[in-house]
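Colleague: The sequence shown lines up with residues 1147 to 1437 when you count with this note's numbering. Beta carbons are placed, not taken as given, at the ideal position from N, Cα and C, and that holds for glycine. Questions regarding the structure given below will be posed in turn.
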Amino acid sequence: MESLERVKRIAAVHDISGFGKCSLTVALPVVSATGVECSCIPTALLSTHTGEFTGWTRRDLTDQMLPIARHWHSLGIKFDGIYSGYLASTAQERVLEEVYDLIAGEDTLIVCDPAMADNGSYYAGFGHDMRDTFRRLCARADVITPNITEAALLSGEEYRPAPHSGEYIERIFEGLSALGPRIIAVTGVHTGAGEIGTVVLERESARRYSAMRPELGGVFYGTGDIFASAFAALLTRGAPVGTALELASSLVADSIEYTYRQGTPRRDGVAFELALPDYVRRVAETFRHGG
Ligand code: PXL
């Protein structure tokens, strides 16, 4: 019988927002749909995400994170990737570092999505101390996936809504490179020609990649999380950077298109469920041909 590829495993460290399709409610299905196992360490439990909702409930789960990681460590569970996102507080920086020490091996891919801001503003309750936390965490990561607001904050560049010139992006790449990650993916980049998408710098080869699609206008919540979840899982499974970028970007673009056609409220999240079957087919096709 043909030998089967070993299923890779990711530990996803994000909050769980019960409604609104972001963080773990996106990471779990998208990582799984990529053919990668998704274990999780929840950082906080909220009733909804904090964008455009008010009155959300929230419980900080800092005290659960290390006991979970210690238990996994005691069981000898190995992780091919650790993919983190929204943190409940800056105090979780130390905790995440300890999680790495407990469950990351030599070859574990560390992916950090510095989820703290969008459209020029910090998320509710966050400020520059969270930026400093993410600067340090990005230094420990192999891959980072900030949106353009987060990339500007982390690199020390001024935030610009749009358009984003090549020269502006290069300055951002330079600032983020100084933090140390090998692969930098900046989402929500507007070229100014009615297009929006993601630009990637692979530092070792100095190669730049870009995936742009026509812009539909406005904010679609959760798309950064969909991109980062797919990109993290594809790289963990072994896809080359350009392939991972194209596949993750198609999933985001298709999810946005379905949402646009459905006309559902933006804050409810995007209809990625409708885009997953095509994504799964493309992923299967990619890995049939060896990634
Ligand atoms: O999508 C990022 C995100 C994650 N978690 C929470 C959020 C947001 C964005 O607003 O509020 C709780």
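Could you have a look at residue 1356 and say whether DSSP puts it in helix, strand or coil?
Modeller: Residue 1356 sits at position 210 when you count from the first residue of the sequence shown. Here residue 1356 sits in strand by DSSP.
Colleague: Can you list, in chain order, the residues of its chain whose CB lies under 7 Å from that of residue 1219, leaving out five sequence neighbours each side?
Modeller: Within the sequence shown, numbered from 1, the residue matching residue 1219 stands at position 73. Correct list, in chain order: 1248 and 1249.
Colleague: Out of 1179, 1267, 1429 and 1259, point me to the one whose CA is closest to residue 1196's CA.
Modeller: On the sequence shown, residue 1196 is found 50 positions in, with the first residue counted as 1. For the residues 1179, 1267, 1429 and 1259, the minimum Cα distance to residue 1196 belongs to 1267.
Colleague: Whether or not the stretch 1337 to 1356 and the stretch 1309 to 1320 are in contact is what I'm after, with contact meaning three or more pairs of Cβ atoms, one per stretch, closer than 8 Å; do they touch?
Modeller: As far as the Cβ criterion goes, the stretch 1309 to 1320 touches the stretch 1337 to 1356, which means the pair count is three or higher.
Colleague: Can you tell which of 1263, 1434 and 1380 has the C-alpha that lies nearest to the C-alpha of residue 1226?
Modeller: To locate residue 1226, count along the sequence shown from 1; it is residue 80. With distances taken between Cα atoms, residue 1226 lies closest to 1380.
Colleague: Taking C-alpha atoms, which residue in 1385, 1323 and 1367 lies nearest to residue 1349?
Modeller: In the sequence shown, residue 1349 corresponds to position 203, counting from 1. Nearest of 1385, 1323 and 1367 to residue 1349, Cα basis: 1323.
Colleague: Can you name, in chain order, every residue of its own chain whose Cβ lies under 6 Å from the Cβ of residue 1420, other than the five neighbours on each side?
Modeller: As a position in the sequence shown, residue 1420 is number 274, starting the count at 1. Around residue 1420: 1404.
Colleague: On a Cα-Cα basis, can you pick out the residue from 1365, 1407 and 1319 that is closest to residue 1353?
Modeller: One-based indexing of the sequence shown puts residue 1353 at position 207. Out of 1365, 1407 and 1319, 1319 has the C-alpha closest to the C-alpha of residue 1353.
Colleague: Quick check on DSSP: helix, strand or coil for residue 1225?
Modeller: To locate residue 1225, count along the sequence shown from 1; it is residue 79. It is a strand residue.
Colleague: Quick one: what's got a C-beta closer than 8 Å to residue 1317's C-beta in the same chain, skipping five residues either side?
Modeller: By one-based count along the sequence shown, residue 1317 stands at place 171. Hits under 8 Å: 1301 and 1303.
Colleague: Specify the secondary structure class of residue 1234 as computed by DSSP and reduced to three states.
Modeller: Here residue 1234 corresponds to residue number 88 of the sequence shown, with the count starting at 1. Coil, per DSSP.
Colleague: Along the chain, where does the alpha helix (DSSP H) containing residue 1371 start, and where does it finish?
Modeller: On the sequence shown, residue 1371 is found 225 positions in, with the first residue counted as 1. It spans 1369 to 1383 - the alpha helix (DSSP H) in which residue 1371 sits, taken as one unbroken run.
Colleague: Taking the alpha carbon of residue 1407 as the reference point, which residue from 1362, 1279, 1253 and 1326 has its own alpha carbon closest?
Modeller: As a working mapping, residue 1407 is identified with position 261 in the sequence shown. For residue 1407, the nearest C-alpha among the options comes from 1362.
Colleague: Just to confirm, are residue 1415 and residue 1368 a CB contact at a threshold of 8 Å?
Modeller: Indexing the sequence shown from 1 puts residue 1415 at position 269. Indexing the sequence shown from 1 puts residue 1368 at position 222. Yes, the Cβ-Cβ distance between residue 1415 and residue 1368 is below 8 Å.
Colleague: Tell whether a beta-carbon distance below 8 Å holds between residue 1366 and residue 1397.
Modeller: If you number the sequence shown from 1, residue 1366 lands on position 220. If you number the sequence shown from 1, residue 1397 lands on position 251. Against a cut-off of 8 Å, the Cβ pair of residue 1397 and residue 1366 comes out as no contact.
Colleague: Just how far apart, CA to CA, sit residue 1232 and residue 1198?
Modeller: Mapped onto the sequence shown, residue 1232 falls at position 86. Mapped onto the sequence shown, residue 1198 falls at position 52. Their backbone Cα atoms lie some 17 Å apart in a straight line.
Colleague: Going by DSSP, what residue range makes up the alpha helix (DSSP H) through residue 1285?
Modeller: Residue 1285 sits at position 139 when you count from the first residue of the sequence shown. Where residue 1285 is concerned, the enclosing alpha helix (DSSP H) stretches over 1274 to 1286.
Colleague: Quick check on the DSSP output: what are the complete alpha helix (DSSP H) runs of length 4 or more inside the stretch 1303 to 1365, in order along the chain?
Modeller: Listed in chain order, they are 1312 to 1323.
Colleague: Taking the CB atoms as reference points, tell me whether residue 1343 and residue 1356 lie closer together than 8 Å.
Modeller: As a first step, residue 1343 must be located in the sequence shown, where it is residue number 197. As a first step, residue 1356 must be located in the sequence shown, where it is residue number 210. A contact, by the Cβ cut-off of 8 Å.
Colleague: Which residues share a DSSP beta bridge with residue 1163?
Modeller: Mapped onto the sequence shown, residue 1163 falls at position 17. Its beta-bridge partners are 1192.
Colleague: Under DSSP, the alpha helix (DSSP H) around residue 1400 begins and ends at which residues?
Modeller: Position 254 of the sequence shown, counting from 1, holds the residue named residue 1400. That run of the alpha helix (DSSP H) goes 1387 to 1408.
Colleague: Which first and last residues belong to the alpha helix (DSSP H) in which residue 1255 is found?
Modeller: Taking the sequence shown and counting its residues from 1, one reaches residue 1255 at position 109. Careful: residue 1255 lies outside any alpha helix (DSSP H), inside the beta strand (DSSP E) at 1250 to 1258.
Colleague: Using only alpha-carbon positions, find the residue among 1252, 1259 and 1209 that is nearest to residue 1294.
Modeller: Position 148 of the sequence shown, counted from the start, is the residue given in the question as residue 1294. The shortest Cα separation from residue 1294 among 1252, 1259 and 1209 belongs to 1259.
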